[in-house]
Structures are given as C-alpha cells and as structure tokens.
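Chemist: Residue numbers (this note's numbering): 1 to 536. Shown below is the structure under consideration.
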C-alpha cells in the first residue's frame, strides 16, 4: 500500500475520513458512491485498524486483534461486492468445543448435543438448549434492525425520530405478549441467573456464558451480561448467519487483513483516495466548523466534512481539543468507560498440538476454556482489583488448519483471546508480562500436553499493547464499553449519538458509536448515510 494516492497533496476534498479501519473504509466507499470526493488518512503502514493480518514471527501470520467473523453486515458485503474484490472465507460455521480437564470435551450445538447423548449432557439439557437458543434468537431478531439504522434522538419533535422509535416499539410488540415480557425481564439480567434457570450442566453453562462476557468488563454475575449476548446474536443475525451459539463463526482466507484489503479495493474502485503513514495531528476548526486536518508532518488538508474512525476520546480530546467543546460534553467523554480487559495470545507452533479428548478434525473449530460459571466469575474477580486472572478464560483457534498459508509447511499458528487482563494492571504490564505469559502457557499445557515444547515463538498483546499498536484509547475493542448506559441512542454520549458531533461538519464512524464494536461495518455505513443526508 502506497503512502499516498495520486493528487492528494494540497488538494481539497468534500470529506476526509480519519482512520483506515474497516468502518472508515466502509464509510469512505459509501460517501464516494454518493458523489463525494473522499480522502482516507491512516496513521499505520497497513489499512484495517484491528482487522489486520500481521507476521508475528518469521513465516507465521495471524489476525492480530479480532480473529473470527460473525457479524459482518450482509448489506455491506453485498453493497460493496466484497467477493469481487478478493474476499473469501477459509471456513464457515466453525464448531465450538468446550474443553474440560475432568470430562470429555463438549461439542456445542443443538444437533451436536443430541448426537453425543447422555454421556455428554442430560437429555433435559439437550432439549433446553434448543428452546433456549430459539428464544434468544427470536428476541435478538427484534433488536437486529435497530443496529442497521441511525438511533433516534430523545425528546425530538422530528418525524424521523418519532418514526424510528415507533418502529422499534412495533418490532418489540410483534414479539407477542410472552416474548415481549421475556425481553423486558432478561434484558438487564446477569447471564449466570439466566443459564441457571435453563441448564444443570456446568461445562455447558460456562461455555454459553463466555459469549456474554467476551471482550467486556463483565463477569457472568454482572447485570446486563444477557444484554451483551443479545447484542452479539442480533449482529450475527444481521450478518445473515445463524445464532452465534449455533455456529455462525467464519474464518476469512488470509486472516482478517484480507477483509480489510478487499474493503480498500472496493474504496479505491469507488474513487476514494487513500494515504497510509499519514497520522493526523489535529482537526482544523474554522468559524466553529470542521475545516480539514493537519498531519503530524505539518501538512494541512482542507475538507468540508471530517469523519473520524478514531475512538471518541481520541477524536474529541486529542484530535479536536476540549477548547472547541462545552464543559459538560467534555466531562461526559472523559468519563466514558474505555479500558479493555481482553488480551491476545499468539503461538508459532512447530507441530499441531493435541488437546486432550478432542479429535483432530474438531481442532479446526473454536476451543473454549471456560469450564463453569464459577470459573468465569473467579477469573473476572481479579480484574476488580487491577490484577490479571490466575486462571483465565480463553477462546482458542488454530487458523492454519483451514488456511495453511499462514505458516510454513507443516507448522501452525494458535490464536487465543484471553479474559481477563486489565488495562490498568497493578504493578504495570512491563513488569508482569513474563509472569502472565508463563501462566497462560502453563494453562495451555494442562489442556494440550507438550504444547510448550512445540512453541517456537510466543506473542502476548495486552490492552496496553492494543492501545499502542492500533491507536485505541484504553485498548478496548469496542472503543467504549458496550453497556446499557453506553448503547443505542446514548452511544457514545448524548450530544454525539447519531454520528454527529457538537462541531458542525465533524462526524463519527467508528466502533465507539452505534452499534458498537465487532467487525460489522454497520457504523461506517450508518455514518455515511448521515453525512450524505445532512452535509451540504
């Protein structure tokens, strides 16, 4: 990727998009298709933000931050014709296997539970799983369309906002009395209580709870953890997939970076100019309106509209500056919860590891270390005191089983998301990184004996590393915690919740705005619609 596109220096644009992550590229493409001249500025030498494929050891490549797809908007895929730009999947509907040291690992899915029989779970739990997933998917389906639309403004007299609220209310009402009552009942619940209502099998409950807390600052007993699961299921439904719990996970060929490359090709095909290694120092403001940007090199580029794919804190407090905002708004942004709690572990392996009790063909799926609800809750408890988990929960993939090109012949890559690893670790990550890495390797050794000897290289990305490498304040994958008080019509904060900002001509399009994180592209699409509708 070149540092600059033709004709960028000194030019004026209708729109500048700050940040070449997937939402920024999606937004830029829709804007260009809407007739705007668009420039994308990316600080790194590679487009994609957290959705990149990186070489972490000679010959070994991995999806550096996000590593599986389950929520990429089907509308974005179709509108931008991503397959025509080289985007393909190495695997779809990856199975989920719950690992255990005390019993046979559990293959999760309605048919899988039934096939494993009572040696895996009771017939009551197998039946409960079918009704549980069906009910949650039905509730999530009522919320799904709201993720694809611009949130309404509260207390607004505009008919568009009133109509949006009416549509949301109608979708909930169409659930029927029983399901509507159930949505109101469970929306603010903790996943611990909901799973206890339905199941008795501890291994099954631990695995199902993992999806409710993955990437969040929540434990299974935290109120609102059912809401985060419903959000996950709703975004999966918008991707045209089955429920996440039923196996909607996909692996892009070439890693997540291949998706970002396809998005960049779609953007260029629409006429978007793209510059990498072009870090923005500040957003220009003239007569209380956004007027362009100044790069760290000192170059000024003018535009009528600036759309920021950076997180809200970086956008408003660093790039724009508090002097252009009122005190109350600055306070709300400063108090956004943005500290990440998930780390990423990468192993370069000389051979395929053997996980106890897991058939080789099942290693190609998604392996979970979350053997019970109490295990997850104890793992979370440490983070309350600024400590990393002494027994963490892990989501593990071996992407080379579906995509051998990611490693040298006969060798493999292991990629794992680790919960819980707090951003603000007491004592600091510089001092405690070796101990936590050793703890993780010891944990993996228990489930896959001999894996330590197979690992020629180990990389651990803590939230601090994610902040530095991907320029995300606090290292949070969603740019801001996804919770009821930071969601929908109040995300990221009142005054900037419909992709607009208090400064005319400045918009947001990143994971910090509605509908949140995950590799969806929906925030970029929604933001572009707002710009095309409201910016002259």
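For glycine and all other residues, C-beta sits at the position ideal for the given N, C-alpha and C.
Note down, in chain order, each residue of its chain lying with its Cβ closer than 7 Å to the Cβ of residue 221, except the 5 sequence neighbours on either side.
Modeler: In the chain shown, residue 221 corresponds to position 221, counting from 1. Answer for residue 221: 190, 192, 377, listed in chain order.
Chemist: Mind checking whether residue 307 and residue 507 have CB atoms under 7 Å apart?
Modeler: Against the chain shown, residue 307 aligns to sequence position 307. Against the chain shown, residue 507 aligns to sequence position 507. Yes, Cβ-Cβ distance for residue 307 and residue 507 is below 7 Å.
Chemist: Within the continuous alpha helix (DSSP H) that includes residue 127, where are the two ends?
Modeler: Reading the chain shown from its first residue, position 127 is the one you call residue 127. Residues 123-147.
Chemist: Take residue 401 and list the residues in its own chain whose beta-carbon comes closer than 8 Å to its own, dropping the five residues that flank it on each side.
Modeler: Counting from 1 along the chain shown, the entry for residue 401 is found at position 401. So the list reads 352, 363, 364, 412, once near-sequence residues are dropped.
Chemist: Just list the residues that DSSP pairs residue 292 with in beta bridges.
Modeler: For the purposes of this step, residue 292 is taken as residue 292 along the chain shown, with counting starting at 1. In DSSP, residue 292 forms a bridge with 284, 302.
Chemist: Once DSSP output is grouped into helix, strand and coil, what is the label at residue 174?
Modeler: Indexing the chain shown from 1 puts residue 174 at position 174. In the structure shown, residue 174 sits in coil (DSSP, three-state: anything other than H, G, I, E or B).
Chemist: Contact defined as beta carbons within less than 8 Å: I believe residue 51 pairs with residue 21. What is the distance between those atoms, to the nearest angstrom?
Modeler: The residue you call residue 51 lines up with position 51 of the chain shown. The residue you call residue 21 lines up with position 21 of the chain shown. Their Cβ separation, rounded to whole angstroms, is 7 Å, which keeps residue 51 and residue 21 in contact under 8 Å.
Chemist: Hey, how far is the Cα of residue 493 from the Cα of residue 326?
Modeler: One-based indexing of the chain shown puts residue 493 at position 493. One-based indexing of the chain shown puts residue 326 at position 326. Straight-line Cα distance between these residues: approximately 13 Å.
Chemist: Is it buried or exposed, residue 304, if we count other Cβ atoms within 10 angstroms and call 16 or more buried?
Modeler: If you number the chain shown from 1, residue 304 lands on position 304. Buried: at least 16 other Cβ atoms inside 10 Å.
Chemist: What's the C-alpha gap between residue 383 and residue 85?
Modeler: Here residue 383 is taken as the residue at index 383 of the chain shown, counted from 1. Here residue 85 is taken as the residue at index 85 of the chain shown, counted from 1. Their backbone Cα atoms lie some 42 Å apart in a straight line.
Chemist: Where do the ends of the beta strand (DSSP E) carrying residue 60 lie?
Modeler: As a working mapping, residue 60 is identified with position 60 in the chain shown. Looking at the DSSP string, the run of the beta strand (DSSP E) that includes residue 60 is 60-63.
Chemist: Does DSSP put residue 48 in a helix, a strand or coil?
Modeler: Translated into positions along the chain shown, residue 48 becomes position 48. Strand.
Chemist: Between residue 425 and residue 165, what straight-line distance do the alpha-carbon atoms span, to the nearest angstrom?
Modeler: The residue labelled residue 425 in the question sits at position 425 within the chain shown. The residue labelled residue 165 in the question sits at position 165 within the chain shown. Rounded to the nearest angstrom, the two C-alpha atoms are 41 Å apart.
Chemist: Give, in chain order, every unbroken run of the beta strand (DSSP E) that is at least 3 residues long and sits entirely within the stretch 317-358.
Modeler: Correct list: 342-349.
Chemist: What are the start and end residues of the alpha helix (DSSP H) that includes residue 84?
Modeler: Sequence index remark: in the chain shown, residue 84 carries index 84 (1-based). Element bounds for residue 84: n/a, residue is neither H nor E.
Chemist: Would you identify the three-state DSSP class for residue 251, choosing helix, strand or coil?
Modeler: To locate residue 251, count along the chain shown from 1; it is residue 251. Strand, per DSSP.
Chemist: When the Cα atoms are used, what is the spatial distance from residue 349 to residue 471?
Modeler: Sequence index remark: in the chain shown, residue 349 carries index 349 (1-based). Sequence index remark: in the chain shown, residue 471 carries index 471 (1-based). The straight-line gap from Cα to Cα measures roughly 29 Å.
Chemist: In three-state DSSP terms, what is residue 54?
Modeler: Taking the chain shown and counting its residues from 1, the one referred to as residue 54 is at position 54. Three-state DSSP puts residue 54 in a strand.
Chemist: Give the secondary structure of residue 459 by DSSP, where H, G and I count as helix, E and B as strand, and everything else as coil.
Modeler: Reading the chain shown from its first residue, position 459 is the one you call residue 459. Reduced to three states, the DSSP call for residue 459 is strand.
Chemist: May I ask you to report which of helix, strand or coil DSSP gives residue 308?
Modeler: The residue labelled residue 308 in the question sits at position 308 within the chain shown. The answer is strand: DSSP assigns residue 308 an E or B state.
Chemist: Does the beta carbon of residue 356 sit closer than 7 Å to a beta carbon anywhere in chain D?
Modeler: Within the model displayed, chain D is absent; a lone protein chain is all it includes.
Chemist: Let me check understanding here. Comparing Cα to Cα, which of 293, 434, 105 lies closest to residue 15?
Modeler: Numbered from 1 along the chain shown, position 15 holds the residue referred to as residue 15. If we check each option's Cα against that of residue 15, 293 comes out closest.
Chemist: Taking the Cβ atom as the reference point for each residue, do residue 547 and residue 256 lie within a distance shorter than 7 Å?
Modeler: Lying outside 1 to 536, the shown extent of the chain, residue 547 is not represented and no answer is given.
Chemist: Per DSSP, what kind of secondary structure is residue 94 in: helix, strand or coil?
Modeler: Numbered from its first residue, the chain shown carries residue 94 at position 94. Three-state DSSP puts residue 94 in coil, outside helix and strand.
Chemist: Would residue 538 and residue 448 qualify as a contact pair, given that the criterion is a beta-carbon distance under 7 Å?
Modeler: Only positions 1 to 536 of the chain appear in the structure, and residue 538 is not among them; the question remains open.
Chemist: Could you tell me the alpha carbon to alpha carbon distance between residue 212 and residue 203, rounded to whole angstroms?
Modeler: Locating residue 212 in the chain shown gives position 212, counting from the first residue. Locating residue 203 in the chain shown gives position 203, counting from the first residue. If I take the Cα positions, the gap works out to 15 Å.
Chemist: Rounded to the nearest angstrom, what separates residue 169 and residue 229 at their Cα positions?
Modeler: One-based indexing of the chain shown puts residue 169 at position 169. One-based indexing of the chain shown puts residue 229 at position 229. Distance between the alpha carbons of residue 169 and residue 229: 20 Å.
Chemist: What's the gap between the Cα of residue 246 and the Cα of residue 375?
Modeler: To locate residue 246, count along the chain shown from 1; it is residue 246. To locate residue 375, count along the chain shown from 1; it is residue 375. Caution applies to residue 246, whose pLDDT of 44 falls short of 50 and renders its modelled position unreliable; the value that the coordinates give is listed next. The straight-line gap from Cα to Cα measures roughly 23 Å.
Chemist: So what does residue 507 bridge to, in DSSP terms?
Modeler: Position 507 of the chain shown, counted from the first residue, corresponds to residue 507. BP columns for residue 507 point to 307, 500.
Chemist: Out of 534, 39, 12, 423, state which residue places its alpha-carbon closest to the alpha-carbon of residue 217.
Modeler: Taking the chain shown and counting its residues from 1, the one referred to as residue 217 is at position 217. Closest option to residue 217, Cα to Cα, is 423.
Chemist: I believe residue 373 touches residue 205 by the beta-carbon criterion, under 8 Å. Please report the beta-carbon distance rounded to the nearest angstrom.
Modeler: The residue labelled residue 373 in the question sits at position 373 within the chain shown. The residue labelled residue 205 in the question sits at position 205 within the chain shown. Confirmed, about 5 Å.
Chemist: Pick helix, strand or coil for residue 315, following the three-state DSSP scheme.
Modeler: Taking the first residue of the chain shown as position 1, residue 315 is located at position 315. Three-state DSSP puts residue 315 in a helix.
Chemist: Between which residues of its own chain and residue 174 is the CB-CB distance below 8 Å, once the five residues before and five after are set aside?
Modeler: To locate residue 174, count along the chain shown from 1; it is residue 174. The residues are 142.
Chemist: Evaluate the contact criterion for the stretch 332-339 versus the stretch 471-482: three or more CB pairs, one atom per stretch, below 8 Å.
Modeler: Yes, the stretch 332-339 is in contact with the stretch 471-482.
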